[in-house]
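Engineer: Residue numbers (full-length UniProt numbering): 1 to 355. Below: one structure in structure tokens.
Written out as structure tokens, the structure is:
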């Protein structure tokens, strides 16, 4: 009887010990936090790279899915980054887990893949013979977009650059686009073409989508005015504006060309513009006199505005702060110039002549 009692006592001690050891192990594993610094980079229409902080002694599980769907895809890796296959114009959710450690998932990250556009053979990292600089789009009721390209490569994809995003109001009119020809071959006849993929069909095949076309011209600063269709950009994916420069007028919007620049375009309904914002954007900014010899008088800006002056070939000649709504230009040589005004978040670019 005593032996049975002792045996039962011994078994209870062993069971208690095993239970507590298991709890300790479980608690020690769960102490490891989820992966940190999860980032999504190199987003293309069909892929993206997921990266996170490494953890010694464990692999990682990357789980991703289309937002709104239940099914997901799981990828295991012993690395700290992985490239996942995706579909264009789709919003995804991604999270990462350390496998052997048994920890939880990282906070989900969402992102959207862009639309695919043809780029032919203009992807080489070369310095083009000529390029489009000071690409300036003045949108009706919205801030301007100014892109000062340096022409270091034949294809520049600015679609992920928020400072170069083009915003347009659906159904708007009198929007303007201008560009400055730059590079070693600017003295040669040059063709500039600019398109916007209004219907989102991933091509620029319609004449109604071409907003500027300066054919084989020696004009250094081509400018055009255009209207935006009321039904522009109705798809789920952001479309693109394409700028092309070439030494001959015979080219297509996919190449072969001398240089291609792509910009993301966002279309906004006029009804969604806040009254306050609309009033602020509609303040007319103007310069006078024009032509001018000594002083440019600038109206429609605050006292905090800054300015930059560019010559006809896109070179910055001066910068500073606007003083009492005036900018001195007496030291400039005679010719055509552009003054770029930045007032808080609003950027405006105007042409003037120094006489």
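Just so you know, even glycine gets a beta-carbon here, dropped at the ideal spot from N, CA and C.
Quick one: what's residue 262 bridged to in DSSP?
Structural biologist: 157 and 242
Engineer: Which of the three DSSP states, helix, strand or coil, is assigned to residue 344?
Structural biologist: coil
Engineer: Let's test the definition: count the other Cβ atoms within 10 Å of the Cβ of residue 304 and tell me whether it reaches 16, buried, or not, exposed.
Structural biologist: exposed
Engineer: Is it a yes or a no for the stretch 99-110 touching the stretch 284-302, going by three-plus beta-carbon pairs under 8 angstroms?
Structural biologist: no
Engineer: Among the residues of its own chain, which have a CB less than 8 angstroms from the CB of residue 89, if the five just before and after it don't count?
Structural biologist: 45, 112, 113, 114, 115, 235, 236 and 237
Engineer: Is the number of C-beta pairs between the stretch 166-176 and the stretch 265-272 that are closer than 8 angstroms three or more?
Structural biologist: yes
Engineer: With DSSP run on the structure shown, which of helix, strand or coil describes residue 44?
Structural biologist: Assignment of residue 44 by DSSP, reduced to helix, strand and coil, places it in the coil class.
Engineer: Quick one: what does DSSP say residue 270 is sitting in, helix, strand or coil?
Structural biologist: DSSP, reduced to helix, strand and coil, places residue 270 within a helical segment of the structure shown.
Engineer: With residue 141 as the anchor, note down where its beta strand (DSSP E) starts and where it stops.
Structural biologist: That residue, residue 141, is in no beta strand (DSSP E); it is neither H nor E in DSSP.
Engineer: Taking the beta strand (DSSP E) that residue 310 belongs to, which residues open and close that run?
Structural biologist: 306-311
Engineer: Does the Cβ-Cβ distance between residue 136 and residue 203 come in under 7 angstroms?
Structural biologist: Not closer than 7 angstroms, so no.
Engineer: Mark residue 139 as exposed unless 16 or more other C-beta atoms lie within 10 angstroms of its C-beta, in which case mark it buried.
Structural biologist: Counting other Cβ atoms within 10 Å of its Cβ, residue 139 reaches 16 or more and is therefore classed as buried.
Engineer: Look at the Cβ atom of residue 50, then the Cβ atom of residue 40, and state whether they are nearer than 7 angstroms.
Structural biologist: yes
Engineer: Based on the DSSP output, what are the partners of residue 195 in its beta bridges?
Structural biologist: Its beta-bridge partners are 210 and 242.
Engineer: Just tell me which of 343, 336, 224 and 340 has its CA closest to the CA of residue 352.
Structural biologist: 336
Engineer: Cutting at 8 angstroms between CB atoms, please list the residues of its own chain near residue 36, excluding the five before and the five after it.
Structural biologist: 52, 53 and 106
Engineer: How many Å lie between residue 227 and residue 265 at the Cα?
Structural biologist: 14 angstroms
Engineer: Our contact map puts residue 239 next to residue 194 with C-beta atoms below 8 angstroms; I'd like the distance itself, whole angstroms only.
Structural biologist: With 8 angstroms as the limit, residue 239 and residue 194 do not qualify as a contact, their Cβ atoms being about 14 angstroms apart.
Engineer: To the nearest angstrom, how far is the alpha carbon of residue 254 from that of residue 55?
Structural biologist: 45 angstroms
Engineer: Sorted by chain position, which residues of the same chain lie with C-beta nearer than 6 angstroms to residue 318's C-beta, five sequence neighbours on each side aside?
Structural biologist: 309
Engineer: Considering only C-alpha positions, which residue in the set 77, 354, 80 and 92 is nearest to residue 71?
Structural biologist: 92
Engineer: Over what stretch of residues does the beta strand (DSSP E) that includes residue 61 continue unbroken?
Structural biologist: 60-66
Engineer: Would you say residue 263 and residue 232 are within 7 angstroms of each other, going by their C-beta atoms?
Structural biologist: Using a Cβ distance threshold of 7 angstroms, residue 263 and residue 232 do not count as a contacting pair.
Engineer: Would you say residue 346 and residue 143 are within 7 angstroms of each other, going by their C-beta atoms?
Structural biologist: yes
Engineer: Apart from the five residues just before and just after residue 117, which ones in its own chain have a Cβ nearer than 7 angstroms to its Cβ?
Structural biologist: 202, 240 and 262
Engineer: Please name the residue, chosen from 65, 151 and 99, that lies closest to residue 85 on a Cα-to-Cα basis.
Structural biologist: 65
Engineer: Can you tell me whether residue 322 is buried or exposed, with buried defined as 16 or more other CB within 10 angstroms of its CB?
Structural biologist: buried
Engineer: Where does the unbroken beta strand (DSSP E) through residue 81 begin, and where does it stop?
Structural biologist: 81-85
Engineer: With a threshold of 6 angstroms on Cβ separation, who are the neighbours of residue 350 within its own chain once the five nearest residues in sequence on each side are excluded?
Structural biologist: 287 and 339
Engineer: So, helix, strand or coil for residue 170, using DSSP?
Structural biologist: Coil.
Engineer: For residue 191, which residues from the same chain have a beta carbon less than 6 angstroms from its beta carbon, with the 5 sequence-adjacent residues on both sides left out?
Structural biologist: 215, 216, 246 and 249
Engineer: Please identify the residue among 285, 38, 300 and 294 whose C-alpha is closest to the C-alpha of residue 331.
Structural biologist: 294
Engineer: Which residue marks the beginning of the beta strand (DSSP E) containing residue 164, and which one marks its end?
Structural biologist: Note, residue 164: premise wrong, no beta strand (DSSP E); not H, not E.
Engineer: Whose C-alpha, out of 333, 61, 325 and 223, is nearest the C-alpha of residue 132?
Structural biologist: 223
Engineer: Rounded to the nearest angstrom, what separates residue 163 and residue 157 at their Cα positions?
Structural biologist: Rounded to whole angstroms, residue 163 and residue 157 show a C-alpha spacing of 13 angstroms.
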